[in-house]
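Right, one structure below, let's go through it.
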Amino acid sequence: MKKLFQLTPLLELLEYESLKIIGPYRFIHADATTCSFAYADYHITVCADSVKINALKEEMLHLTVDNLQELHMKKIKNMGVS
């Protein structure tokens, strides 16, 4: 039901330990300490001591991080994500 009423992109950061995005995105890169993706005209990079991908679905990405170091968002037009 929630997806039926979600009209705008949603980025949710909980207590600097969990990041969830809902909506179309483009996965770019992940390793043990970083994850980057394009979402709603932004290039987003998450850096932490460790980054774990909990869910990687068509319109949802859920990450858990240990000791968040940096959350970088850069606005970029026409990233190919609508």
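Positions 0 to 81 (numbering that gives the first Met the number 0) are the ones given, in order, by the sequence shown.
The C-beta atom is built at its ideal place from N, Cα and C for all residues, glycine as well.
Inter-residue Cα distance where the pair is residue i and residue j
i: TYR24; j: ASP65; result: 23 Å
i: LYS76; j: ILE21; result: 19 Å
i: LYS56; j: HIS71; result: 22 Å
i: ALA29; j: LEU9; result: 21 Å
i: ILE52; j: LYS74; result: 23 Å
i: HIS42; j: PHE26; result: 10 Å
i: TYR38; j: HIS61; result: 13 Å
i: SER17; j: THR63; result: 4 Å
i: GLU11; j: LYS19; result: 5 Å
i: THR32; j: GLU58; result: 23 Å
Residue i burial status per 10 Å Cβ neighbour count (16 or more: buried)
i: PHE36; result: buried
i: ALA47; result: buried
i: ALA15; result: According to the sequence shown, residue 15 is Tyr rather than Ala. The residue in question, TYR15, is exposed, as its Cβ has fewer than 16 Cβ neighbours within 10 Å.
i: LEU13; result: exposed
Which residues DSSP lists as bridging residue i, in chain order
i: LYS74; result: TYR41
* **Length-filtered (3 minimum) beta strand (DSSP E) runs lying within the segment 1-70** => 9-13, 17-21, 24-29, 33-38 and 41-56, all fully within the segment 1-70.
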